[in-house]
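This report refers to the structure that appears directly beneath it.
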DNA sequence: TTCGACAATCAGGCCTGCCTGTTTGTCGGA
DNA sequence: TCCGACAAACAGGCAGGCCTGATTGTCGAA
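Residue numbers (this note's numbering), protein chains in the order written: chain A, 1 to 217; chain B, 1001 to 1217.
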């Protein structure tokens, strides 16, 4: 008997469990939302475009995310997840020893110079005048910063527990955001990279002060 | 700068020349655009709202700015002008001598923490995905940075000509932008101010290196 | 094991409201 | 009188929420 694959659909796996189907379209929608955020900006994120790009129908979207606000709110989490995954993939390759801090800084900078940060930027700015979005963004940001400081010790070593070090690291992150903002504003990426090189020197010197000994680890 | 910064009043002056009328509604529209930018964000800037807030009619708006793009483009210039005026008003009060640099930094920070910067932020981020707006923003930014470096010597003294000093100042400005971004994201202003205090220390130390003598002037 | 009812998932069209550009008409100054 | 400044109504387009129907997976009962 033709038990399993009685009707082979032209496209994909003939039999999928409900959970698989659900998760597939769900993540397709969220990925499409983030992509639209990157490509068209926040006000360019329209359910029509998202649906079109995700390759699903309007009905599917409204089934999973009854309102656009919910779609975007979930996309915020999805984006933070994607950023975390993107970074986690690189953390393993970080050098140990004296070059560790430089490696972490460069990693952080790459993350800020990439498209996912631009997407986050869109959300931050839009959140200023959108209460519902602000709620979602704040919630995710809170958990993200918590994870950052949780992982900071893993990245930087025991100095991360130093209060002054944390302050300086926040300053460094602010500088990166400010430089990444120039990319949105349409500045030449080469020029921005140059400015980062200059800032990087300063940041390294600043953070080095907290290292009891450069050869401590 | 006599007859600006006011919404048009039909009742006040019974006798106005054409040029006065024109300039009045024009600046009323531009001010209203900037205000909408601050209050509703970029995608909340609708001609309907602008017209309503400016106290003029649709016809007036379309007469002065045939397309929304032109209105926004002019508003970009208008905004940069307002920011410049806002700063110029404070420059005169800056102290001279050793405290000069601190005064300038605080002035710059206040400018970044204010609503006009938030408006500029909206435009920068929106410009990433809007070619026409990007054109306008780039043009204005170019002339603004030119003016900044032109006035830098007046603000900081002869050190401003130092190449390394300029780099560090750019880094400092990036840090301010990155911190101001937190305000958009909905962080507590008090907390942001605290972070600025921490960054300020670092920036001052950084800039002081370029001063041949603290008592040079 | 097989079958059928039920629920979940998905597809697509309709409707309402808003935004923008256009056009026509009116008023007042030069 | 003539023209610039302004007022107001109109039309096209699009986004977003709602609804109906089709398809597919799930689960219980014979």
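Beta carbons: idealized from backbone N, C-alpha and C, even for Gly.
Chain-order list of residues whose beta-carbon lies under 6 angstroms from that of residue 1(A) (same chain, five-residue window excluded): Taking the first residue of the first chain as 1, we reach residue 1(A) at position 1. A caution first: residue 1(A) carries a pLDDT of 37, below 50, which makes its placement in the model too unreliable to give a value.
In whole angstroms, what is the alpha-carbon distance linking residue 1157(B) and residue 1098(B)? Position 157 of the second chain, counted from the first residue, corresponds to residue 1157(B). Position 98 of the second chain, counted from the first residue, corresponds to residue 1098(B). Answer to the nearest angstrom: the Cα atoms are 11 angstroms apart.
If you draw a straight line from the alpha carbon of residue 1041(B) to that of residue 1034(B), how long is it in whole angstroms? The residue you call residue 1041(B) lines up with position 41 of the second chain. The residue you call residue 1034(B) lines up with position 34 of the second chain. Rounded to whole angstroms, residue 1041(B) to residue 1034(B) spans 9 angstroms at the Cα level.
What does a CB cutoff of less than 7 angstroms around residue 76(A) pick up in its chain, not counting 5 residues either side in sequence? In the first chain, residue 76(A) corresponds to position 76, counting from 1. 123, 136, 137, 140, listed in sequence order.
What is the rounded straight-line gap between the Cα of residue 1012(B) and the Cα of residue 1026(B)? Walking along the second chain from the start, residue 1012(B) turns up at place 12. Walking along the second chain from the start, residue 1026(B) turns up at place 26. For residue 1012(B), the predicted structure reports a pLDDT of 38, less than 50, and the residue's modelled location is therefore unreliable. The matter cannot be settled from this model.
Check the C-beta distance from residue 204(A) over to residue 90(A) and give it rounded, since I have them as a contact under 8 angstroms. Here residue 204(A) is taken as the residue at index 204 of the first chain, counted from 1. Here residue 90(A) is taken as the residue at index 90 of the first chain, counted from 1. Residue 204(A) to residue 90(A), Cβ: 19 angstroms. No contact.
Members of the stretch 26 to 52 of chain A near chain B, C-beta cut-off 8 angstroms: 39, 40, 41, 42, 43, 44
Below 7 angstroms CB to CB, which residues in the same chain sit around residue 1109(B) once its five sequence neighbours on both sides are set aside? Residue mapping note: residue 1109(B) aligns to position 109 of the second chain, counting from 1. 1176, 1196, listed in sequence order.
Any idea if residue 50(A) is buried or exposed, counting beta-carbon neighbours within 10 angstroms, 16 or more meaning buried? Working through the first chain from its first residue, we reach residue 50(A) at position 50. Buried is the call here.
In three-state DSSP terms, what is residue 65(A)? Your numbering for residue 65(A) matches position 65 in the first chain. Here residue 65(A) sits in coil by DSSP.
Can you name, in chain order, every residue of its own chain whose Cβ lies under 8 angstroms from the Cβ of residue 183(A), other than the five neighbours on each side? Mapped onto the first chain, residue 183(A) falls at position 183. Only 113, 118, 189, 192 meet the Cβ criterion.
According to DSSP, simplified to helix, strand and coil, what is residue 158(A)? Translated into the one-based positions of the first chain, residue 158(A) becomes position 158. DSSP places residue 158(A) in helix when its eight states are reduced to three.
Contacts of residue 1067(B) in chain A (Cβ-Cβ under 7 angstroms): As a working mapping, residue 1067(B) is identified with position 67 in the second chain. Ordered by position in chain A, no residue passes the 7 angstroms Cβ test against residue 1067(B), which lies about 17 angstroms from the chain.
Considering only C-alpha positions, which residue in the set 1096(B), 1084(B), 1164(B) is nearest to residue 1143(B)? Locating residue 1143(B) in the second chain gives position 143, where the first residue counts as 1. Among 1096(B), 1084(B), 1164(B), the Cα nearest to that of residue 1143(B) belongs to 1084(B).
Using a Cβ-Cβ distance under 8 angstroms, would residue 1111(B) count as near chain A? Taking the second chain and counting its residues from 1, the one referred to as residue 1111(B) is at position 111. Not closer than 8 angstroms to any Cβ of chain A, the Cβ of residue 1111(B) fails to qualify, so no.
Starting from the beta carbon of residue 184(A), find every residue of chain B whose beta carbon is closer than 8 angstroms, and list them in chain order. As a first step, residue 184(A) must be located in the first chain, where it is residue number 184. Residues of chain B passing the Cβ test: 1124, 1125, 1127, 1128.
Cutoff 7 angstroms; reference residue 1057(B); Cβ partners in own chain excluding five residues on either side: In the second chain, residue 1057(B) corresponds to position 57, counting from 1. For residue 1057(B), where only same-chain residues beyond five positions count, the Cβ hits under 7 angstroms are 1051.
For the alpha helix (DSSP H) holding residue 1184(B), just list the boundary residues, first then last. In the second chain, residue 1184(B) corresponds to position 184, counting from 1. Element bounds for residue 1184(B): 1163 to 1184.
Determine which residues of the stretch 1164 to 1175 of chain B have a Cβ less than 9 angstroms from any Cβ of chain A, and write them out in chain order. 1164, 1167, 1168, 1170, 1171, 1172, 1173, 1174, 1175
State the Cα-Cα distance for the pair residue 1021(B) and residue 1088(B), rounded to the nearest angstrom. Translated into positions along the second chain, residue 1021(B) becomes position 21. Translated into positions along the second chain, residue 1088(B) becomes position 88. Roughly 27 angstroms between the two C-alpha positions.
Would you report the Cα separation of residue 70(A) and residue 24(A), rounded to the nearest angstrom? Translated into the one-based positions of the first chain, residue 70(A) becomes position 70. Translated into the one-based positions of the first chain, residue 24(A) becomes position 24. Roughly 18 angstroms between the two C-alpha positions.
Cβ closer than 7 angstroms: which chain A residues qualify as neighbours of residue 1121(B)? Mapped onto the second chain, residue 1121(B) falls at position 121. What residue 1121(B) touches in chain A: 125.
Alpha carbon to alpha carbon, what distance is there between residue 1082(B) and residue 1092(B)? Position 92 of the second chain, counted from the first residue, corresponds to residue 1092(B). Position 82 of the second chain, counted from the first residue, corresponds to residue 1082(B). Cα-Cα distance, rounded: 17 angstroms.
Identify every run of the alpha helix (DSSP H) within the stretch 1025 to 1102 of chain B, keeping only runs that are complete inside it and at least 4 residues long; order them along the chain. 1047 to 1054, 1058 to 1064, 1068 to 1091
Taking all protein chains shown into account, decide if residue 185(A) is buried (16 or more other Cβ within 10 angstroms of its Cβ) or exposed. Taking the first residue of the first chain as position 1, residue 185(A) is located at position 185. Its Cβ being crowded by 16 or more others within 10 Å, residue 185(A) is buried.
Whole angstroms are fine: how far does the CA of residue 1059(B) sit from the CA of residue 1048(B)? As a first step, residue 1048(B) must be located in the second chain, where it is residue number 48. As a first step, residue 1059(B) must be located in the second chain, where it is residue number 59. Cα to Cα, the separation comes out at about 11 angstroms.
I'd like to know if residue 1198(B) contacts chain A, where contact means its C-beta is closer than 8 angstroms to some C-beta of that chain. Against the second chain, residue 1198(B) aligns to sequence position 198. Cβ-Cβ to chain A under 8 angstroms: yes for residue 1198(B).
Residues that residue 1202(B) contacts on chain A, provided the C-beta gap is smaller than 8 angstroms: Residue numbering aside, residue 1202(B) sits at position 202 when the second chain is read from its first letter. Going along chain A in sequence order, the residues near residue 1202(B) (Cβ under 8 angstroms) are 168, 171, 206.
Just the Cα atoms here: how many angstroms apart are residue 206(A) and residue 174(A)? Counting from one through the first chain, the residue named residue 206(A) turns up at place 206. Counting from one through the first chain, the residue named residue 174(A) turns up at place 174. If I take the Cα positions, the gap works out to 14 angstroms.
Counting only C-beta atoms, is residue 1140(B) closer than 8 angstroms to chain A at any point? Residue mapping note: residue 1140(B) aligns to position 140 of the second chain, counting from 1. Answer no: the Cβ-Cβ gap between residue 1140(B) and chain A never drops below 8 angstroms.
By the three-class DSSP mapping on this structure, what secondary structure does residue 114(A) have? Along the first chain, read from residue 1 onward, the residue named residue 114(A) stands at position 114. Coil.
Comparing the C-beta of residue 1092(B) with each C-beta of chain A, is any distance below 8 angstroms? Within the second chain, residue 1092(B) is the residue found at index 92, counting from 1. Cβ-Cβ to chain A under 8 angstroms: no for residue 1092(B).
Can you find a C-beta in chain A that's less than 8 angstroms from the C-beta of residue 1147(B)? Working through the second chain from its first residue, we reach residue 1147(B) at position 147. Residue 1147(B) does not count as touching chain A.
In its own chain, which residues sit with a C-beta less than 7 angstroms from the C-beta of residue 1078(B), not counting the 5 before and 5 after it? Within the second chain, the letter at position 78 stands for residue 1078(B). 1030, 1034.
By the criterion of Cβ-Cβ separation under 9 angstroms, what are the contact partners of residue 58(A) in chain B? The residue labelled residue 58(A) in the question sits at position 58 within the first chain. Result: empty, since nearest Cβ-Cβ is about 22 angstroms, beyond 9 angstroms.
Residue 118(A) CB to nearest chain B CB: under 8 angstroms? Here residue 118(A) refers to the residue found at position 118 of the first chain. Yes, its Cβ sits closer than 8 angstroms to a Cβ of chain B.
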